[in-house]
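K.L.:
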Amino acid sequence: MDSFTQLIRGTGSVAEVITIYDEYCTTYDKMVCEKGKYKGPFILVEAVTKEVPECRRKEVRVLDVAAGTGMVGVALAQKGFTNLDALEPSEGMLECLRSKNVYTNTFHEYVGQCNTNVPQGCYDLVFSVGGMANNHIPFTGALEFVRFAKPGGLVMICMRQDEEDYLTKLKEYMNSLEEQQLWKKEFSTPIKDYCVGREGVLFVYQVL
Ligand SMILES: C[S@@+](CC[C@H](N)C(=O)[O-])C[C@H]1O[C@@H](n2cnc3c(N)ncnc32)[C@H](O)[C@@H]1O
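full-length UniProt numbering applies: residue 1 is where the sequence shown begins, and numbers increase by one.
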């Protein structure tokens, strides 16, 4: 099985997955967009620009979790967002991301393994595109998203829908956070042909 197929199938340990991202960092953008026909970044940017009017884009503080090579940050910068931070555990991906010069602070960290150095309760918008998946961010990482955001801030999670076991656990966990009144669901929407012809989903929550 080649590394790209391994990523798509969600196999391998977290450490192996990060090694693959290190290996593919320079070809990632071309590979996922052309070979994978990956729509995630475009869907997220569309959702964010609907939520945040142009007049607020310079002031909102944004955290891109599992930011990869920074494709989403570049697209958001083109839409007028200037206050962008990124968290990414792969050193290779992080180097590519930093070279794009759109993020202010970058955190070389994992979500879900231990406490991060990311400031808590500071962000107006926290999102992850493609980071919530098997052997990536554990479903319990959703709680860290809540902690990164300020009260009233938004959390957006854009992900594939075909890893049924992971998605079921994530939905149960997100519901439990809602029952604890840590956030409330704004909406979720399916994404047709999210990546390699598979369906995806976008979740949007407001932190309380
Ligand atoms: C499919 S890529 C998505 C990258 C970028 N968001 C995009 O849409 O192009 C998944 C990213 O998740 C990162 N990742 C994997 N496990 C992670 C974890 N536990 N915490 C944070 N990021 C993680 C990987 O290093 C990789 O860059």
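Idealized CB from N, CA, C, for every residue including glycine.
The alpha helix (DSSP H) spanning D22 covers which residue range?
P.N.:
That run of the alpha helix (DSSP H) goes V14 to Y24.
K.L.:
Would DSSP call L87 helix, strand or coil?
P.N.:
Reduced to three states, the DSSP call for L87 is strand.
K.L.:
Since V207 is in the alpha helix (DSSP H), which residue starts that stretch and which ends it?
P.N.:
Per DSSP, V207 belongs to no alpha helix (DSSP H); it is in the beta strand (DSSP E), R198 to V207.
K.L.:
Of the residues T116, Y103 and P151, which one's Cα is nearest the Cα of C122?
P.N.:
The shortest C-alpha separation from C122 is found at P151.
K.L.:
Determine, using beta carbons only, whether H108 and L125 come nearer to each other than 7 Å.
P.N.:
Cβ atoms of H108 and L125: not closer than 7 Å.
K.L.:
Taking the straight line between their C-alpha atoms, what separation do you get for K50 and R56?
P.N.:
Computed Cα separation, rounded: 12 Å.
K.L.:
Here's the rule I'm using: 16 or more other beta-carbon atoms within 10 Å means buried, otherwise exposed. How should C114 be labelled?
P.N.:
It is exposed - the Cβ of C114 has fewer than 16 other Cβ atoms within 10 Å.
K.L.:
Is Y173 a contact residue of ligand 1, with contact defined as CB to any heavy atom under 6 Å?
P.N.:
Flag unset: Cβ of Y173 not near ligand 1.
K.L.:
According to DSSP, what are the bridge partners of T189?
P.N.:
For T189, which the question treats as bridged, DSSP gives the partners L202.
K.L.:
Taking 6 Å as the line, does the beta carbon of V129 fall inside it for any heavy atom of ligand 1?
P.N.:
Yes, Cβ of V129 sits closer than 6 Å to a heavy atom of ligand 1.
K.L.:
Between the alpha carbons of A15 and K30, how many angstroms are there, rounded?
P.N.:
Looking at the two C-alpha atoms, the distance is approximately 23 Å.
K.L.:
Cα-Cα, which of L182, M132 and A133 is closest to R147?
P.N.:
For the residues L182, M132 and A133, the minimum Cα distance to R147 belongs to L182.
K.L.:
Just to confirm before moving on: does the CB-CB distance between Q206 and E186 stay below 7 Å?
P.N.:
Contact: yes.
K.L.:
How should S99 be labelled, buried or exposed, when 16 other C-beta atoms within 10 angstroms of its C-beta is the threshold for buried?
P.N.:
Exposed is the call here.
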